[in-house]
Amino acid sequence: MAVVSEENLLGRSYGLFENPFYVRLAGFGLLERLAKTSRLRLFISVRSYDKLLPSVYYQVLRNRPEAGLQFERARKAMLAGHGGWPELMQRIMDALPGSTLSFWQQERYRDNPRPMLEALTGTRIQQLPEVSVPERTRSPAAGALEEVGLLPRDMEKGRWTAEVEAIFARHPVAMGPPADLLPEDATAGLRTLYRSHLAQMRELYEEVGR
Numbered sequence: 002m003a004v005v006s007e008e009n010l011l012g013r014s015y016g017l018f019e020n021p022f023y024v025r026l027a028g029f030g031l032l033e034r035l036a037k038t039s040r041l042r043l044f045i046s047v048r049s050y051d052k053l054l055p056s057v058y059y060q061v062l063r064n065r066p067e068a069g070l071q072f073e074r075a076r077k078a079m080l081a082g083h084g085g086w087p088e089l090m091q092r093i094m095d096a097l098p099g100s101t102l103s104f105w106q107q108e109r110y111r112d113n114p115r116p117m118l119e120a121l122t123g124t125r126i127q128q129l130p131e132v133s134v135p136e137r138t139r140s141p142a143a144g145a146l147e148e149v150g151l152l153p154r155d156m157e158k159g160r161w162t163a164e165v166e167a168i169f170a171r172h173p174v175a176m177g178p179p180a181d182l183l184p185e186d187a188t189a190g191l192r193t194l195y196r197s198h199l200a201q202m203r204e205l206y207e208e209v210g211r
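Straight run, no breaks: the sequence shown in the numbering used here ends on number 211.
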């Protein structure tokens, strides 16, 4: 059995700003080779779009000054009904016929990871260590965006990343909640879309941890 993170197979965070998600399926060569000799069982973690897009924004902003523009394009595309989890999952199955695909919701995993980890590893897990969310993946407090907004957009990439990392470190989430990046109507629309997509996915794939 081999366990490989989906991020190594689909692409990096900014691929979730593409429409459709992960246009190139960057690491699929490995799975296509494995599929020639084995029947694959695949798992993917999904997340509500109103939480996903802001989280991706903060990750992409660490390396790309244009993250704000990418965020807006992705938000508008999602609200227009383009892309999303069901489309990505269908492309995965089209690329790997004969495989099985299951999914879990990130929100449920955060509250109780045991069912997901047992399904993924195929074994009962007696004890799970307490693992906190890594600081580097946490969204910063709202004040961070004000400082980032003062940085020159033509800054050299390596320096940009160093400056943003330092700003985020000065504004940990303990200092306050992240900025609210979505207006209420967009939040409501993205949640409604996610619920609709969940219903579609449940008709076609097993949901782990439900």
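Ideal Cβ placement from N, Cα and C applies to all residues, glycine included.
Predicted model only: the values in this text are computed from it and were never measured.
TODO: Run the CB neighbour count on V149, radius 10 Å, all protein chains shown included, and call it buried at 16 or more, exposed below.
DONE: Here residue 149 corresponds to residue number 148 of the sequence shown, with the count starting at 1. Flag for V149 reads buried.
TODO: Compute the Euclidean distance between the alpha carbons of T38 and G190, then round it to the nearest angstrom.
DONE: For the purposes of this step, residue 38 is taken as the residue at position 37 of the sequence shown. For the purposes of this step, residue 190 is taken as the residue at position 189 of the sequence shown. Approximately 43 Å, taken between the alpha carbons.
- [ ] Could you have a look at I126 and say whether DSSP puts it in helix, strand or coil?
- [x] Translated into positions along the sequence shown, residue 126 becomes position 125. I126 falls in the coil class under three-state DSSP.
TODO: Could you check if H83 is buried or exposed, using at least 16 other CB atoms within 10 Å of its CB as the buried criterion?
DONE: Sequence index remark: in the sequence shown, residue 83 carries index 82 (1-based). H83 comes out exposed.
TODO: Would you mind stating whether V209 and W86 have Cβ atoms separated by less than 8 Å?
DONE: On the sequence shown, residue 209 is found 208 positions in, with the first residue counted as 1. On the sequence shown, residue 86 is found 85 positions in, with the first residue counted as 1. Result no, Cβ atoms of V209 and W86 do not sit closer than 8 Å.
Open item on the list: Counting C-beta neighbours from all protein chains within 10 Å, is the total for A75 16 or more, i.e. buried, or is it exposed?
Closed with: In the sequence shown, counting from the first residue as 1, residue 75 sits at position 74. Buried.
- [ ] Counting only the same chain and skipping the five closest in sequence on each side, list residues whose C-beta sits under 6 Å from that of G16.
- [x] Looking up residue 16 in the sequence shown gives position 15. Correct list, in chain order: Y23.
Open item on the list: Out of L80, K77 and I93, which one is the CA nearest neighbour of I45?
Closed with: Within the sequence shown, numbered from 1, the residue matching residue 45 stands at position 44. Looking at the Cα atoms, I93 is the closest of the given residues.
Task: Buried versus exposed, by CB contacts within 10 Å (16 or more), G12 - done: Here the question's residue 12 lines up with position 11 in the sequence shown. Buried is the call here.
TODO: Tell me whether L102 sits in a helix, a strand or coil according to DSSP, three-state version.
DONE: Counting from 1 along the sequence shown, the entry for residue 102 is found at position 101. Residue state, collapsed to three classes: strand.
- [ ] Would you list the residues sitting across from R42 in a DSSP beta bridge?
- [x] Here residue 42 refers to the residue found at position 41 when the sequence shown is read from its first residue. DSSP lists T101 as partners of R42.
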